[in-house]
Amino acid sequence: MRFSQRSKNAVLVLVTLFCGTGCGDSPVGGSEDDTDLVQEVINQTNLDSLSQVVRELSGDLPVLINGRAEVIRSRHKDYPGNDLAANYINAKLTSYGLIVVDQWISGTARNVYALQTGTRYPDRKYIFGAHYDSMPDSTTSPGGDDNASGTAAVLEAARVLSRYTPEYTVMYALWDEEEQGVIGSGYYASNADRAGEDIEGVINVDMIGWDSDNNGEFFINVRDISSSALLSDAMVDINARYGIELSPRIVNPGYGSDNLPFWFFGYGAIGVEELYGEDWNDYYHDAGDRLSQFNLQYFHNCARLLSGTLASLARLQ
Ligand SMILES: [Zn+2]
Numbered sequence: 000m001r002f003s004q005r006s007k008n009a010v011l012v013l014v015t016l017f018c019g020t021g022c023g024d025s026p027v028g029g030s031e032d033d034t035d036l037v038q039e040v041i042n043q044t045n046l047d048s049l050s051q052v053v054r055e056l057s058g059d060l061p062v063l064i065n066g067r068a069e070v071i072r073s074r075h076k077d078y079p080g081n082d083l084a085a086n087y088i089n090a091k092l093t094s095y096g097l098i099v100v101d102q103w104i105s106g107t108a109r110n111v112y113a114l115q116t117g118t119r120y121p122d123r124k125y126i127f128g129a130h131y132d133s134m135p136d137s138t139t140s141p142g143g144d145d146n147a148s149g150t151a152a153v154l155e156a157a158r159v160l161s162r163y164t165p166e167y168t169v170m171y172a173l174w175d176e177e178e179q180g181v182i183g184s185g186y187y188a189s190n191a192d193r194a195g196e197d198i199e200g201v202i203n204v205d206m207i208g209w210d211s212d213n214n215g216e217f218f219i220n221v222r223d224i225s226s227s228a229l230l231s232d233a234m235v236d237i238n239a240r241y242g243i244e245l246s247p248r249i250v251n252p253g254y255g256s257d258n259l260p261f262w263f264f265g266y267g268a269i270g271v272e273e274l275y276g277e278d279w280n281d282y283y284h285d286a287g288d289r290l291s292q293f294n295l296q297y298f299h300n301c302a303r304l305l306s307g308t309l310a311s312l313a314r315l316q
């Protein structure tokens, strides 16, 4: 469904229609502007679709790929589920009307990304990325939190933002073989550097499902490189302005995963993750890493914040 009316009343009606009793907050905080598209995007970021994607990617539910029901049991690079997952991601992004690219890097590594061309700055892009491969190296490797959670957040942002027109180009990137040393994102970043690609900023997300003490804290990994601090500031601002009820903690100099190669090549980037080393998933790289262990409210809030930040940076129309 596409919004043609952007009045506040229409937003309220649609929020009610979409959310039923589950998430019926009226637009809060920030702008009372009739065309607050960031608020619209936050409101449409839906826990049911996020959860469905995590369950499909981690083998809890079968998926339909090319008309065949398949179960993705392992997204580790050496198992057929890794390719099935890439096909699944491609089909999802294609269904949102986006231009989708399969970027083969080796016999096992394949990034899948989609582009939504900006109307005003088509050659300047924001990248929202997550790795889709998983650990452990096993036939059962559900990778729910690591990193079906981040993959779902990227796919959900694509679902919602594809209904709008951004001024900047937006790229939704699902990287492969992060677990072997950021192979997929490293390949992309080095090519981008060589080609002189104009990347305004990269938001990477890796593990946003675990918050055992329910305090809403998460890390924004940042470094003093290019636009990185601006991205981090934007995220902190959106969290406060739209009352998302997370507690960002800035880590500078930060670490992370697929944000690292972009820093290496001098691009602005941030890495969003749950509290590595403090409140860390008990099922990390384990066959028990599934949606059933998630803090769903935390997962939902992280995805809302990510979608809202991307919408703000890309300047939706
Ligand atoms: Zn990961």
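Numbering that gives the first Met the number 0 puts the first residue of the sequence shown at 0, with every later residue one more than the last.
The beta carbon of each residue, even a glycine, is placed where N, CA and C say it ideally should be.
Remember, predicted model here, so these are calculated numbers, not experimental data.
Item	Value
L317 - DSSP class collapsed to helix/strand/coil	Nothing about residue 317 can be reported from this structure: the residues present for the chain run from 0 to 316 only.
Whole-angstrom C-beta distance between G200 and L230, which should lie under 8 Å	5 Å
Beta-carbon contacts of W209 that lie in its chain and below 6 Å, excluding the five residues immediately before and after	D144, E273 and N280
Rounded C-alpha distance that separates V117 from G276	The question names Val, but residue 117 in the sequence shown is Gly. Rounded to whole angstroms, G117 to G276 spans 38 Å at the Cα level.
Rounded C-alpha distance that separates G195 from G265	11 Å
Through-space distance from I71 to A302, alpha-carbon basis	23 Å
Residue range of the beta strand (DSSP E) that includes W262	Taken as a continuous stretch (DSSP letters only), W262 belongs to no beta strand (DSSP E), being part of the alpha helix (DSSP H) at L259 to F263.
H75 beta carbon near ligand 1 (any heavy atom closer than 7 Å)	no
Beta-bridge pairing of V99 - partner residues as DSSP gives them	A113
Shell residues, 7 Å Cβ cut-off relative to heavy atoms of ligand 1	H130, D145, N146, E177, E178, D205, M206 and S256
Sub-8 Å separation of A268 and S211 beta-carbons	no
Neighbourhood of H130 by C-beta, 6 Å cutoff - its chain only, sequence neighbours within 5 removed	N146, W174, E177 and D257
Alpha-carbon to alpha-carbon, I41 and N311	Strictly speaking, residue 311 in this sequence is Ser, with Asn absent from that position. Their Cα atoms are separated by approximately 11 Å.
Inter-residue Cα distance where the pair is I182 and A108	8 Å
Per-residue burial, T168 [other beta carbons within 10 Å of its own, 16 or more giving buried]	buried
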